[in-house]
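Enquirer: This is the structure I want to talk about, given as structure tokens.
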Amino acid sequence: MLTAIRGFKDILPQDSLLWAEIEAFARLTFSSFGLREIRTPLIEKTEVFTRGIGEHTDIVEKEMYTFADRNGDSLSLRPEATAGILRAVLEHSLHKEMSQIRVFTIGPMFRHERPQKGRLRQFHQIDVEILGTAEPLADFEVIWLAWSIVSGFYERISQSSDRPNLRLEINSLGCPSCKPRHREDLLLFLENRQEQLCPDCQRRSQSNPLRVFDCKLEQCKNALKGAPLLRNYICPDCVEHLKVVQEALHAVNIPFVINPMLVRGLDYYNRTTFELISNELGAQGTVAAGGRYDGLAEQMEGPHLPGVGMAVGCERLILLAEQWAEQKSAYSTDIFVAAMGNEAVQTALPWIKELRKSGVSVLMPYESKGLKSLLKAADRHNAAYALILGESELQGRRAMLKDLRSHSQTEIAFETLLPDLLNTLKNSKKDAK
RNA sequence: GUGGGCGUAGCUCAACGGUUAGAGUGUCGGGUUGUGGCCCCGAAGGUUGUGGGUUCAAAUCCCAUCGCUCACCCCA
Numbered sequence: 006m007l008t009a010i011r012g013f014k015d016i017l018p019q020d021s022l023l024w025a026e027i028e029a030f031a032r033l034t035f036s037s038f039g040l041r042e043i044r045t046p047l048i049e050k051t052e053v054f055t056r057g058i059g060e061h062t063d064i065v066e067k068e069m070y071t072f073a074d075r076n077g078d079s080l081s082l083r084p085e086a087t088a089g090i091l092r093a094v095l096e097h098s099l100h101k102e103m104s105q106i107r108v109f110t111i112g113p114m115f116r117h118e119r120p121q122k123g124r125l126r127q128f129h130q131i132d133v134e135i136l137g138t139a140e141p142l143a144d145f146e147v148i149w150l151a152w153s154i155v156s157g158f159y160e161r162i163s164q165s166s167d168r169p170n171l172r173l174e175i176n177s178l179g180c181p182s183c184k185p186r187h188r189e190d191l192l193l194f195l196e197n198r199q200e201q202l203c204p205d206c207q208r209r210s211q212s213n214p215l216r217v218f219d220c221k222l223e224q225c226k227n228a229l230k231g232a233p234l235l236r237n238y239i240c241p242d243c244v245e246h247l248k249v250v251q252e253a254l255h256a257v258n259i260p261f262v263i264n265p266m267l268v269r270g271l272d273y274y275n276r277t278t279f280e281l282i283s284n285e286l287g288a289q290g291t292v293a294a295g296g297r298y299d300g301l302a303e304q305m306e307g308p309h310l311p312g313v314g315m316a317v318g319c320e321r322l323i324l325l326a327e328q329w330a331e332q333k334s335a336y337s338t339d340i341f342v343a344a345m346g347n348e349a350v351q352t353a354l355p356w357i358k359e360l361r362k363s364g365v366s367v368l369m370p371y372e373s374k375g376l377k378s379l380l381k382a383a384d385r386h387n388a389a390y391a392l393i394l395g396e397s398e399l400q401g402r403r404a405m406l407k408d409l410r411s412h413s414q415t416e417i418a419f420e421t422l423l424p425d426l427l428n429t430l431k432n433s434k435k436d437a438k
């Protein structure tokens with residue numbers, strides 16, 4: 006049997022509604038924050054990512070889907086959204102048209118990792134970037150957006166106003182005036198203790214030194230005692246920057262903790278960094294994460310263009326939503342046309358056309374079946390009403406409208422069928438609310 | 001890339017090395033001509049992931065392989 010490739014998942018009809026709800030909710034949130042959508046290609050020249058993300062990150066070195074185009078160019082499936090967006094902004098000089106660029110994008114990303122819970126090779130992100138400002142309030146708004154989407158979606162689908170079980174961690178990674186000093190001291194410190202570190206940490210001290218603080222091994226924790234801590238190196242400007250973010254978070258009542266060890270995986274981050282973490286997701290607990298990247302545009306041979314961004318992991322939010330929701334959301338149909346026989350179908354078709362034009366969800370049978378199986382089908386499609394149309398109805402020129410939830414049925418004359426139907430639907434939807 | 005767990009019907013799972021591999025659920029049909037959900041009856045649906053081995057006998061034990069899954073690594 007042909008199967009999907011490892012780490013690539015189908016989103017099946019029974020799950021697609023939840024995906025649509027998340028996307029719709031995200032879009033609603035973005036519009037309330039004044040963000041506009043940008044859609045960039047799924048494939049870029051590999052260089053876009055090696056420059057942007059960093060040549061020596063794991064993502065670029067061993068996780069990218071890289072291949073040669075027919076003319077020999079090296080191309081890659083995007084492993085994240087920021088580099089491509091920045092490329093597009095610079096290519097189209099959007100930063101010259103407006104001083105501040107506020108965009109979002111929703112779509113698949115690709116990383117060749119070993120799949121596990123909350124981690125796939127094709128996964129989806131809801132991504133936000135605010136470019137052209139170095140102000141801390143931009144950082145704050147990005148965090149606010151992440152919080153709004155995740156916790157707002159929780160409120161929406163759990164029908165509850167209490168807080169979801171989430172932890173917002175923030176930190177500052179420092180700026181060019183303080184970050185390098187710490188890095189230097191840390192590298193020196195680590196160099197002197199290589200033999201005390203686990204193999205992973207030995208590698209980490211080369212690739213991403215800050216990550217050694219995340220190691221779970223006692224051996225490494227001991228070796229790191231007395232290590233230079235970033236928080237002792239952070240300059241006054243960075244402290245002030247983070248303080249503004251904190252004050253703003255307080256003002257909108259978003260709870261957070263400062264985690265001085267919080268690090269980002271990608272090279273381009275500086276200053277504010279954050280993660281939104283759940284304990285209900287297994288090992289991959291981060292639902293959303295992001296931070297500031299003031300040097301990224303320059304790394305990509307662009308002008309100085311500060312920015313801040315974040316991404317929500319859709320699959321992870323879906324996992325949470327499935328725990329939060331009382332029951333699975335299901336597609337529903339407004340009207341199932343139980344037309345028996347060709348003449349009945351032909352009679353109903355013009356009505357179906359008008360109903361569909363009015364946005365009513367209508368299903369019709371293809372096969373000539375008995376009423377019993379038609380009603381069964383209506384039930385399976387979760388229809389609110391069945392419009393029964395058989396020989397006797399055709400003769401009397403009155404269709405039978407059955408309310409499938411209340412079991413009651415009424416006759417509607419053909420002449421007034423459309424307005425009557427639309428009216429009934431309108432009223433029943435009003436009652437439902 | 002490394003390690004653990006698991007592969008039986010569409011799905012969730014049973015079956016001590018021993019008849020024809022079962023149940024629930026789902027699907028389809030029926031329960032008097034045109035009234036769904038609940039209930040009752042019936043049918044279809046399996047090369048027990050695949051290939052080898054041990055044995056009189058393998059879904060069951062062993063080996064290999066493929067796949068899924070969880071964790072490490074890394075990250076949303």
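In the working numbering, the protein residues as written are 6 to 438.
Ideal placement from N, C-alpha and C gives every residue a C-beta, glycine not left out.
A quick note: this is a predicted structure, and the numbers were derived from the prediction, not measured.
Pop quiz: I357 and M369 are said to be a contact at Cβ under 8 Å. What is the actual Cβ separation, rounded to whole angstroms?
Expert: Within the first sequence, the letter at position 352 stands for residue 357. Within the first sequence, the letter at position 364 stands for residue 369. Correct: roughly 6 Å between the Cβ atoms.
Enquirer: Measuring CB to CB, does V53 end up less than 8 Å from A86?
Expert: Residue numbering aside, residue 53 sits at position 48 when the first sequence is read from its first letter. Residue numbering aside, residue 86 sits at position 81 when the first sequence is read from its first letter. Cβ atoms of V53 and A86: not closer than 8 Å.
Enquirer: Tell me F128's beta-bridge partners as DSSP assigns them.
Expert: Taking the first sequence and counting its residues from 1, the one referred to as residue 128 is at position 123. In the DSSP output, where bridge partners are listed per residue, F128 has M114.
Enquirer: When you compare each of I259, C206, G307 to L171 by their alpha carbons, which one comes out closest?
Expert: Numbered from its first residue, the first sequence carries residue 171 at position 166. Nearest of I259, C206, G307 to L171, Cα basis: I259.
Enquirer: In three-state DSSP terms, what is I135?
Expert: Working through the first sequence from its first residue, we reach residue 135 at position 130. In the structure shown, I135 sits in a strand (DSSP, three-state: E or B).
Enquirer: Within the region 57-116, note down every full alpha helix (DSSP H) run reaching 4 residues or more, in order along the chain.
Expert: If we require 4 residues or more, the alpha helix (DSSP H) runs fully inside the region 57-116 come out as 63-67, 87-96, 99-102.
Enquirer: Anyone know if the C-beta pair for E320 and H117 falls short of 8 Å?
Expert: Numbered from its first residue, the first sequence carries residue 320 at position 315. Numbered from its first residue, the first sequence carries residue 117 at position 112. Taking 8 Å as the Cβ cut-off, E320 and H117 do not qualify as a contacting pair.
Enquirer: Give the range of the beta strand (DSSP E) segment to which N237 is assigned.
Expert: In the first sequence, counting from the first residue as 1, residue 237 sits at position 232. From DSSP, N237 is part of no beta strand (DSSP E); its letter is neither H nor E.
Enquirer: Pull up the DSSP beta-bridge partners for Y336, would you.
Expert: As a first step, residue 336 must be located in the first sequence, where it is residue number 331. Looking at the DSSP assignment, Y336 forms no beta bridge with any residue, so it has no partner.
Enquirer: Which whole runs of the beta strand (DSSP E) in the region 131-219 are 3 residues long or more, in chain order?
Expert: List check, beta strand (DSSP E) in window: 171-177.
Enquirer: Spatial neighbours of M266 within its chain, please: CB distance less than 6 Å, with the 5 preceding and 5 following residues excluded, ordered by chain position.
Expert: Here residue 266 refers to the residue found at position 261 when the first sequence is read from its first residue. Closer than 6 Å at Cβ, skipping near neighbours: F218.
Enquirer: Give me the DSSP bridge partner(s) of A391.
Expert: Residue mapping note: residue 391 aligns to position 386 of the first sequence, counting from 1. Bridge partners of A391: F341, K407.
Enquirer: Could you spell out the range, first to last residue, of the alpha helix (DSSP H) harbouring Q304?
Expert: Indexing the first sequence from 1 puts residue 304 at position 299. Element bounds for Q304: 301-304.
Enquirer: Closer than 6 Å by C-beta to S156: which residues in its own chain qualify, once you throw out the five before and the five after it? Chain order, please.
Expert: Here residue 156 is taken as the residue at index 151 of the first sequence, counted from 1. P169, listed in sequence order.
Enquirer: I'd like the span of the beta strand (DSSP E) that includes F30, first residue to last.
Expert: Reading the first sequence from its first residue, position 25 is the one you call residue 30. Taken as a continuous stretch (DSSP letters only), F30 belongs to no beta strand (DSSP E), being part of the alpha helix (DSSP H) at 18-37.
Enquirer: Of all the options Y371, L322, A418, I393, which has the alpha carbon lying nearest to the alpha carbon of Y159?
Expert: Indexing the first sequence from 1 puts residue 159 at position 154. It is L322 whose Cα lies nearest to the Cα of Y159.
Enquirer: For M69, count the other beta carbons within 10 Å of its own beta carbon; 16 or more makes it buried, fewer makes it exposed. Which is it?
Expert: Indexing the first sequence from 1 puts residue 69 at position 64. Its Cβ being crowded by 16 or more others within 10 Å, M69 is buried.
Enquirer: What residue range does the beta strand (DSSP E) around Q414 cover?
Expert: For the purposes of this step, residue 414 is identified with residue 409 of the first sequence, where counting begins at 1. That run of the beta strand (DSSP E) goes 414-418.
Enquirer: Can you name, in chain order, every residue of its own chain whose Cβ lies under 6 Å from the Cβ of S337, other than the five neighbours on each side?
Expert: The sequence position of residue 337 within the first sequence is 332, counting from 1. Answer for S337: N387, listed in chain order.
Enquirer: Count the other CB atoms, across all protein chains shown, that sit within 10 Å of the CB of S81; report buried if there are 16 or more and exposed otherwise.
Expert: For this step, residue 81 is matched to residue 76 along the first sequence. So S81 ends up on the buried side.
Enquirer: Could you tell me the distance, in whole angstroms, from the CA atom of K374 to the CA atom of E416?
Expert: The residue given as residue 374 occupies position 369 in the first sequence. The residue given as residue 416 occupies position 411 in the first sequence. Between K374 and E416, the C-alpha separation is close to 21 Å.
Enquirer: Within 10 Å of its beta-carbon, does V65 have 16 or more other beta-carbons around it, so buried, or fewer, so exposed?
Expert: Here residue 65 is taken as the residue at index 60 of the first sequence, counted from 1. With 16 or more other Cβ atoms within 10 Å, it is buried.
Enquirer: Starting from the C-beta of R410, find all residues in its chain whose C-beta is less than 7 Å away, skip the five residues before and the five after it, and write them out in chain order.
Expert: Within the first sequence, residue 410 is the residue found at index 405, counting from 1. Closer than 7 Å at the Cβ level, and outside the excluded window around R410, lie A389.
Enquirer: Is it right to say D167 is buried, meaning 16 or more other beta carbons lie within 10 angstroms of its own, or is it exposed?
Expert: Against the first sequence, residue 167 aligns to sequence position 162. The residue in question, D167, is exposed, as its Cβ has fewer than 16 Cβ neighbours within 10 Å.
Enquirer: Pair every Cβ in the region 233-253 with every Cβ in the region 198-208, then say whether three or more of these pairs are closer than 8 Å.
Expert: Output reads no: the region 198-208 does not touch the region 233-253.
Enquirer: So, with DSSP's three-state summary, where would you put I48?
Expert: On the first sequence, position 43 is the one that residue 48 refers to. Correct three-state label for I48: strand.
Enquirer: For S104 and Q164, what's the separation of their Cα atoms in angstroms?
Expert: Translated into the one-based positions of the first sequence, residue 104 becomes position 99. Translated into the one-based positions of the first sequence, residue 164 becomes position 159. Straight-line Cα distance between these residues: approximately 40 Å.
Enquirer: Would you report the Cα separation of L423 and N432, rounded to the nearest angstrom?
Expert: Here residue 423 refers to the residue found at position 418 when the first sequence is read from its first residue. Here residue 432 refers to the residue found at position 427 when the first sequence is read from its first residue. Approximately 14 Å between the Cα atoms of the pair.
Enquirer: Rank F72, W24, F35 by C-alpha distance to the C-alpha of T51 and give the top, closest one.
Expert: Here the question's residue 51 lines up with position 46 in the first sequence. Closest option to T51, Cα to Cα, is F72.
Enquirer: Measuring CB to CB, does L394 end up less than 8 Å from T352?
Expert: The residue labelled residue 394 in the question sits at position 389 within the first sequence. The residue labelled residue 352 in the question sits at position 347 within the first sequence. It is a contact, given that the beta carbons lie within the stated cut-off.
Enquirer: The ligand ATP and C319: does any heavy atom of the ligand fall closer than 7 Å to the residue's C-beta?
Expert: Looking for the ligand ATP in the displayed structure turns up nothing, as the structure carries no ligands at all.
Enquirer: Three or more C-beta pairs under 8 Å: does that hold for the region 272-292 against the region 188-204?
Expert: No, they do not touch.
Enquirer: Please name the residue, chosen from D339, E327, T291, that lies closest to G364 on a Cα-to-Cα basis.
Expert: As a first step, residue 364 must be located in the first sequence, where it is residue number 359. Closest option to G364, Cα to Cα, is D339.
Enquirer: Identify the residues that DSSP records as bridge partners of G314: which are they?
Expert: Counting from 1 along the first sequence, the entry for residue 314 is found at position 309. E134, G296, per the DSSP bridge assignment.
Enquirer: Using only the alpha-carbon positions, how far apart do L379 and A343 sit?
Expert: Translated into the one-based positions of the first sequence, residue 379 becomes position 374. Translated into the one-based positions of the first sequence, residue 343 becomes position 338. Looking at the two C-alpha atoms, the distance is approximately 6 Å.
Enquirer: How is the alpha helix (DSSP H) around I323 delimited, first residue to last?
Expert: Translated into positions along the first sequence, residue 323 becomes position 318. Counting along the chain, the alpha helix (DSSP H) containing I323 begins and ends at 319-329.
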